[in-house]
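In our numbering, the protein residues as written are 361 to 557.
Ideal Cβ placement from N, Cα and C applies to all residues, glycine included.
Computed from a predicted structure; not experimentally measured.
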């Protein structure tokens with residue numbers, strides 16, 4: 361086997377480690393990039409090299425950007441007194457895509473988990489408590505996943521924050537959802553969170 365084949369195999373192997381890609385999908389993606397080398401592969405390689413050297417975690421909230429403090433944290437328009445707490449950067453990006461929340465964020469980096477030995481100090485919970493006390497925060501919105509670990513983390517954070525208003529996202533029937541297709545837990549949460557019309 362020549363060196364070029366080894367390089368291609370290594371590229372396919374690395375691509376297969378990406379979420380949502382297995383070996384077959386990675387092979388198809390690599391073949392597509394090779395066919396579109398000038399339009400896709402070369403620019404992608406350049407951008408990957410650039411991002412690898414410039415990307416960093418925001419020291420304030422944990423978002424990912426190219427400076428020590430992300431654009432959301434430095435924007436005076438985002439200083440609303442609200443912090444939305446999320447588990448991961450992907451959750452922050454999902455909230456941003458909606459365009460509804462205009463405050464700032466705090467990325468925990470996961471959830472509390474006794475089984476995995478993840479306590480508050482392994483997450484950014486102490487930093488959140490400092491931010492709430494130091495930034496004149498009036499409300500903390502806990503946008504954590506509706507799992508046991510997510511709910512445990514939400515209750516722990518609420519206990520740590522004291523006087524500030526702590527709220528959670530509503531849970532229940534999604535827009536366009538049909539009751540017949542929902543699980544029992546979703547229906548239960550929706551029924552408990554019902555509101556008058």
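Three-way DSSP call (helix, strand, coil) for residue 467 in this model = strand
Report all residues from its chain with a CB closer than 6 Å to the CB of residue 544; omit the five preceding and five following residues, and keep chain order.
-> none
Neighbourhood of residue 549 by C-beta, 6 Å cutoff - its chain only, sequence neighbours within 5 removed | 531 and 532
Can you have a look at residue 373 and say buried or exposed, based on whether 16 or more other CB atoms are within 10 angstroms of its CB?
-> exposed
Output the boundary residues of the alpha helix (DSSP H) element that contains residue 429.
-> Premise fails: residue 429 is in no alpha helix (DSSP H) and is neither H nor E.
Per DSSP, what kind of secondary structure is residue 508 in: helix, strand or coil?
-> helix
Three-state secondary structure assigned by DSSP to residue 546 | helix
Okay, do the stretch 466-474 and the stretch 440-447 touch, 3+ Cβ pairs below 8 Å being the bar?
-> yes
Beta-carbon proximity check, residue 422 vs residue 489, cutoff 9 Å = no
Relative to the alpha-carbon of residue 491, which residue among 382, 375, 379 and 524 has its alpha-carbon at the smallest distance?
-> 524
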